[in-house]
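**Student:** Quick one: this structure, given as structure tokens, is what I'll be asking you about.
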């Protein structure tokens, strides 16, 4: 199973089309769009896609990132900027080797690309297992979204499988993002009920740190169920 | 000295702008345009260039490829299609390592990209020392010119210098393309004078083979002068 390409809130149809074209060049086909600004279908995307109109025609559109990633088990955030966040950052080449290993292991992966001007939000990056930073000249770090995709897709195409950087044992199943998001939602409600976030100012950073921790752990489905059991038990204690 | 990027007969201003943008991301700045279809300057190119308008503003425009390459000593032709031609073909990664070695040796290099629909002609490829073939899915080999540039420029940026594949001793100077083209022009006139090409039908292939031979040899300036001396001597014999 090849990695899915998820364009989050893409703005220009031309960039969606250029992304599809590069996907076809480098053997990718599963295109997902989260809340495309100009709606869907988009004639400009189809025009720019050239020989890759089938990828455009089969693209799936989702209202939220959560829906787009629900069947995935491993997410890569493509981001030019290093952020103030505890997240494994790899080069496109390292990511490509890991993606090949994921494919060999039957792990469903996706590559996330943010909108043109702003890139992925910190919260979106926090949901990802790994960040990909494309090396650029320090004075010009901002890549066009379709050009960033060219680099990552090209590296994926030419890559040989390498051992993934994550430490989890490979013979254990990996939780789907639907399971992880379900747990995180459960956790947030539990924390709110317990008045864990003392002020609304500190909530975003603390919540992002928690998301990062549970994303980094590469939980198994059984572990997610265990954690939810913990939350239920603690909730009963507070009640 | 970083490699020059030469866009041969580019058609869409958007692609010229996207090329400039990728150049800026990957530390390249010397953009040359040969006979751009829609003239120059081109507002669409400038708009698409985003933060790279300085590269657009400093781009040099040439009427012919010969003028654009005259100060260069080593040319790479980017071409998706393998052609019926005796030419060293390398991957973008191999080319990147060679370009780093060229830079360390003070050899002035250029990367040629052809027009959108047709790519470089066989005659243009014949003038190049090395061809770069970007690996692609076999069912989708046609890359957008700006996307091809992204791959090659990215590889150049992340490359470490490696030994160039060419066999010429590195302590000998390499002839400039102006010297090579001057010799080739001299040779063609000499061959015409000698009625070497029996028919006009066989001329293109025979001439391309000759161009390829003399390009592959990595001649020194002294060797070019020697060859021109040979042509002059033979010309006097025929006269």
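Chains as they are written, first to last, in my numbering: chain A, 1 to 239; chain B, 240 to 478. For every residue, glycine included, the Cβ atom is placed at its ideal position computed from N, Cα and C. On a predicted model such as this, the values are computed, not experimentally measured, just so you know.
At which residue ranges does the stretch 151 to 228 of chain A contain complete alpha helix (DSSP H) runs of 4 or more residues, listed in the order of the chain?
**Tutor:** Qualifying alpha helix (DSSP H) stretches, in chain order: 177 to 193 and 203 to 216.
**Student:** Taking just the CA atoms, how far does residue 178 (chain A) sit from residue 67 (chain A)?
**Tutor:** In the first chain, counting from the first residue as 1, residue 67 (chain A) sits at position 67. In the first chain, counting from the first residue as 1, residue 178 (chain A) sits at position 178. Distance between the alpha carbons of residue 67 (chain A) and residue 178 (chain A): 8 Å.
**Student:** Within 7 Å of any Cβ in chain B, is that where the Cβ of residue 247 (chain A) sits?
**Tutor:** There is simply no residue 247 (chain A) to check, as chain A begins at 1 and stops at 239 in what is shown.
**Student:** For residue 373 (chain B), which option in B:329, B:366, B:280 and B:473 has the closest C-alpha, if you only look at C-alpha atoms?
**Tutor:** Locating residue 373 (chain B) in the second chain gives position 134, where the first residue counts as 1. It is B:329.
**Student:** Rounded to whole angstroms, what is the Cα-Cα separation between residue 423 (chain B) and residue 450 (chain B)?
**Tutor:** Locating residue 423 (chain B) in the second chain gives position 184, counting from the first residue. Locating residue 450 (chain B) in the second chain gives position 211, counting from the first residue. Cα-Cα distance, rounded: 7 Å.
**Student:** Determine, using beta carbons only, whether residue 375 (chain B) comes closer than 7 Å to chain A.
**Tutor:** Taking the first residue of the second chain as position 1, residue 375 (chain B) is located at position 136. So yes, residue 375 (chain B) belongs to the interface.
**Student:** Run through chain B and tell me which residues come within less than 7 Å of residue 89 (chain A), C-beta to C-beta.
**Tutor:** If you number the first chain from 1, residue 89 (chain A) lands on position 89. Within 7 Å Cβ-Cβ: nothing; residue 89 (chain A) doesn't reach chain B, min ~15 Å.
**Student:** If you draw a straight line from the C-alpha of residue 394 (chain B) to the C-alpha of residue 219 (chain A), how long is it?
**Tutor:** Here residue 394 (chain B) is taken as the residue at index 155 of the second chain, counted from 1. Here residue 219 (chain A) is taken as the residue at index 219 of the first chain, counted from 1. For residue 394 (chain B) and residue 219 (chain A), the distance between alpha carbons rounds to 35 Å.
**Student:** For residue 65 (chain A), name the three-state secondary structure that DSSP assigns.
**Tutor:** Mapped onto the first chain, residue 65 (chain A) falls at position 65. In this structure, residue 65 (chain A) counts as helix in the three-state DSSP scheme.
**Student:** Could you spell out where the beta strand (DSSP E) holding residue 5 (chain A) opens and where it closes?
**Tutor:** If you number the first chain from 1, residue 5 (chain A) lands on position 5. First-last of the beta strand (DSSP E) with residue 5 (chain A): 4 to 8.
**Student:** Consult DSSP for residue 299 (chain B) and reduce its assignment to one of helix, strand or coil.
**Tutor:** Here residue 299 (chain B) is taken as the residue at index 60 of the second chain, counted from 1. Reduced to three states, the DSSP call for residue 299 (chain B) is strand.
**Student:** Is there at least one Cβ from chain B nearer than 7 Å to residue 147 (chain A)'s Cβ?
**Tutor:** As a first step, residue 147 (chain A) must be located in the first chain, where it is residue number 147. Yes, because at least one Cβ of chain B sits closer than 7 Å to the Cβ of residue 147 (chain A).
**Student:** Could you confirm whether any beta carbon from chain A is found closer than 7 Å to the beta carbon of residue 393 (chain B)?
**Tutor:** In the second chain, the residue the question calls residue 393 (chain B) occupies position 154. By this cut-off, residue 393 (chain B) is an interface position.
**Student:** To which residues of the same chain is residue 160 (chain A) closer than 8 Å at the C-beta, ignoring the five residues directly before and after it?
**Tutor:** On the first chain, residue 160 (chain A) is found 160 positions in, with the first residue counted as 1. Excluding positions up to five away in sequence, the list reads 97 and 100.
**Student:** From B:257, B:351, B:285 and B:460, pick the residue whose C-alpha is nearest to that of residue 248 (chain B); which is it?
**Tutor:** In the second chain, residue 248 (chain B) corresponds to position 9, counting from 1. Per the Cα distances, B:351.
**Student:** Between residue 336 (chain B) and chain A, is there a C-beta pair that is closer than 7 Å?
**Tutor:** On the second chain, residue 336 (chain B) is found 97 positions in, with the first residue counted as 1. By this cut-off, residue 336 (chain B) is not an interface position.
**Student:** At what residues does the alpha helix (DSSP H) containing residue 339 (chain B) begin and finish?
**Tutor:** Your numbering for residue 339 (chain B) matches position 100 in the second chain. Segment 331 to 344, the alpha helix (DSSP H) holding residue 339 (chain B).
**Student:** Consult DSSP for residue 134 (chain A) and reduce its assignment to one of helix, strand or coil.
**Tutor:** Taking the first residue of the first chain as position 1, residue 134 (chain A) is located at position 134. Coil.
**Student:** For the alpha helix (DSSP H) holding residue 22 (chain A), just list the boundary residues, first then last.
**Tutor:** For the purposes of this step, residue 22 (chain A) is taken as the residue at position 22 of the first chain. Note, residue 22 (chain A): alpha helix (DSSP H), 13 to 25.
**Student:** Residue range of the beta strand (DSSP E) that residue 271 (chain B) falls in?
**Tutor:** In the second chain, residue 271 (chain B) corresponds to position 32, counting from 1. It spans 270 to 273 - the beta strand (DSSP E) in which residue 271 (chain B) sits, taken as one unbroken run.
**Student:** Under 7 Å between C-beta atoms, does residue 151 (chain A) make it to chain B?
**Tutor:** Sequence index remark: in the first chain, residue 151 (chain A) carries index 151 (1-based). Closer than 7 Å: yes.
**Student:** On the CB-based measure, 16 or more other CB atoms within 10 Å of its CB, does residue 37 (chain A) come out buried or exposed?
**Tutor:** Position 37 of the first chain, counting from 1, holds the residue named residue 37 (chain A). So residue 37 (chain A) ends up on the exposed side.
**Student:** Within this structure, are the beta carbons of residue 16 (chain A) and residue 45 (chain A) separated by less than 7 Å?
**Tutor:** Working through the first chain from its first residue, we reach residue 16 (chain A) at position 16. Working through the first chain from its first residue, we reach residue 45 (chain A) at position 45. Yes; because the gap between Cβ atoms is below 7 Å, this pair is in contact.
**Student:** For residue 352 (chain B), return the contacting residues in chain A, with the cut-off set at a CB-CB distance below 8 Å.
**Tutor:** Looking up residue 352 (chain B) in the second chain gives position 113. Neighbours of residue 352 (chain B) on chain A: none; closest Cβ ~14 Å, over 8 Å.
**Student:** Considering only DSSP beta bridges, list what residue 316 (chain B) is partnered with.
**Tutor:** One-based indexing of the second chain puts residue 316 (chain B) at position 77. Bridge partners of residue 316 (chain B): B:351 and B:370.
**Student:** Given a cut-off of 7 Å on the beta-carbon distance, is the pair residue 131 (chain A) and residue 50 (chain A) in contact?
**Tutor:** Here residue 131 (chain A) refers to the residue found at position 131 of the first chain. Here residue 50 (chain A) refers to the residue found at position 50 of the first chain. Contact flag unset, no.
**Student:** Which word fits residue 57 (chain A), buried or exposed, when buried means at least 16 other C-beta atoms lie within 10 angstroms of its C-beta?
**Tutor:** Mapped onto the first chain, residue 57 (chain A) falls at position 57. Under this definition residue 57 (chain A) is an exposed residue.
**Student:** Is the beta carbon of residue 119 (chain A) closer than 7 Å to that of residue 79 (chain A)?
**Tutor:** Sequence index remark: in the first chain, residue 79 (chain A) carries index 79 (1-based). Sequence index remark: in the first chain, residue 119 (chain A) carries index 119 (1-based). Result yes, Cβ atoms of residue 79 (chain A) and residue 119 (chain A) sit closer than 7 Å.
**Student:** Mark residue 454 (chain B) as exposed unless 16 or more other C-beta atoms lie within 10 angstroms of its C-beta, in which case mark it buried.
**Tutor:** In the second chain, the residue the question calls residue 454 (chain B) occupies position 215. Label assigned to residue 454 (chain B): buried.
**Student:** At 7 Å on the CB atoms, spell out the chain A contacts of residue 266 (chain B), in chain order.
**Tutor:** Taking the first residue of the second chain as 1, we reach residue 266 (chain B) at position 27. Those within 7 Å of residue 266 (chain B) in chain A are 137.
**Student:** Cα separation between residue 300 (chain B) and residue 389 (chain B)?
**Tutor:** Position 61 of the second chain, counting from 1, holds the residue named residue 300 (chain B). Position 150 of the second chain, counting from 1, holds the residue named residue 389 (chain B). The alpha-carbon atoms of residue 300 (chain B) and residue 389 (chain B) are separated by roughly 21 Å.
**Student:** Is any beta-carbon of chain B found at less than 7 Å from that of residue 212 (chain A)?
**Tutor:** Counting from one through the first chain, the residue named residue 212 (chain A) turns up at place 212. Closer than 7 Å: no.
**Student:** Pull up the distance between the alpha-carbon of residue 39 (chain A) and that of residue 268 (chain B), whole angstroms please.
**Tutor:** For the purposes of this step, residue 39 (chain A) is taken as residue 39 along the first chain, with counting starting at 1. For the purposes of this step, residue 268 (chain B) is taken as residue 29 along the second chain, with counting starting at 1. The straight-line gap from Cα to Cα measures roughly 37 Å.
**Student:** Put residue 88 (chain A) into one of helix, strand or coil per three-state DSSP.
**Tutor:** As a position in the first chain, residue 88 (chain A) is number 88, starting the count at 1. Strand.
**Student:** Measuring alpha carbon to alpha carbon, tell me which of A:146, A:114 and A:31 ends up nearest residue 54 (chain A).
**Tutor:** Stepping through the first chain from its first residue, residue 54 (chain A) is reached at position 54. The shortest C-alpha separation from residue 54 (chain A) is found at A:31.
**Student:** Tell me which same chain residues have a C-beta within less than 8 Å of the C-beta of residue 415 (chain B), skipping the five on either side of it?
**Tutor:** In the second chain, residue 415 (chain B) corresponds to position 176, counting from 1. Closer than 8 Å at the Cβ level, and outside the excluded window around residue 415 (chain B), lie 309, 310, 311, 312, 347 and 460.
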